[in-house]
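Residues 4 to 67 in the numbering used here are what the sequence shown spells out, letter by letter.
In this text, a Cβ means the ideal position worked out from N, Cα and C, and glycines have one as well.
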Amino acid sequence: MNEFIGLIIGFILTLLIFSYLLGDNPLYRLAIHLLVGTSAAYAALIVIQQVIIPVFDLIREDPR
4 MNEFIGLIIG FILTLLIFSY LLGDNPLYRL AIHLLVGTSA AYAALIVIQQ
54 VIIPVFDLIR EDPR
């Protein structure tokens with residue numbers, strides 16, 4: 004069921020991106036905002052998991 008929901012969401016976002024062919028419109032802007040927002044959130048989570056948490060683990064183990 005989750006794969007089907009992901010497929011539908013991907014299809015709808017693809018149609019929203021293709022709506023740019025008709026000119027700049029609110030549907031295209033919505034799709035771009037979603038893309039930028041999810042990309043920024045993904046990058047922030049990767050930085051937290053790969054950089055910040057290991058640094059705090061090192062500080063906690065040896066607080067010198």
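| Going by other Cβ atoms of all chains shown within 10 Å of its Cβ, with 16 needed for buried, is A44 buried or exposed? | Your numbering for residue 44 matches position 41 in the sequence shown. Residue burial is scored here from C-beta neighbours: A44 has fewer than 16 other C-beta atoms within 10 angstroms and is therefore classed as exposed.
| Counting along the chain, where does the alpha helix (DSSP H) carrying V58 start and finish? | The sequence position of residue 58 within the sequence shown is 55, counting from 1. It spans 56-64 - the alpha helix (DSSP H) in which V58 sits, taken as one unbroken run.
| message | So the candidates are I56, S42, I12, L16; which of them puts its Cα closest to the Cα of L30? | response | In the sequence shown, counting from the first residue as 1, residue 30 sits at position 27. Nearest option by C-alpha distance: L16.
| request: Measure the C-alpha to C-alpha separation of F59 and A46 and round it to an integer number of angstroms. | output: Against the sequence shown, residue 59 aligns to sequence position 56. Against the sequence shown, residue 46 aligns to sequence position 43. Answer to the nearest angstrom: the Cα atoms are 19 Å apart.
| said: Given this structure, state the Cα-to-Cα distance separating I51 from I11, to the nearest angstrom. | reply: The count along the sequence shown starts at 1 and reaches residue 51 at position 48. The count along the sequence shown starts at 1 and reaches residue 11 at position 8. Whole-angstrom Cα-Cα distance: 30 Å.
| Between A34 and I49, is the Cβ-Cβ spacing less than 9 Å? | Position 31 of the sequence shown, counted from the start, is the residue given in the question as residue 34. Position 46 of the sequence shown, counted from the start, is the residue given in the question as residue 49. Taking 9 Å as the cut-off, the Cβ atoms of A34 and I49 do not count as close.
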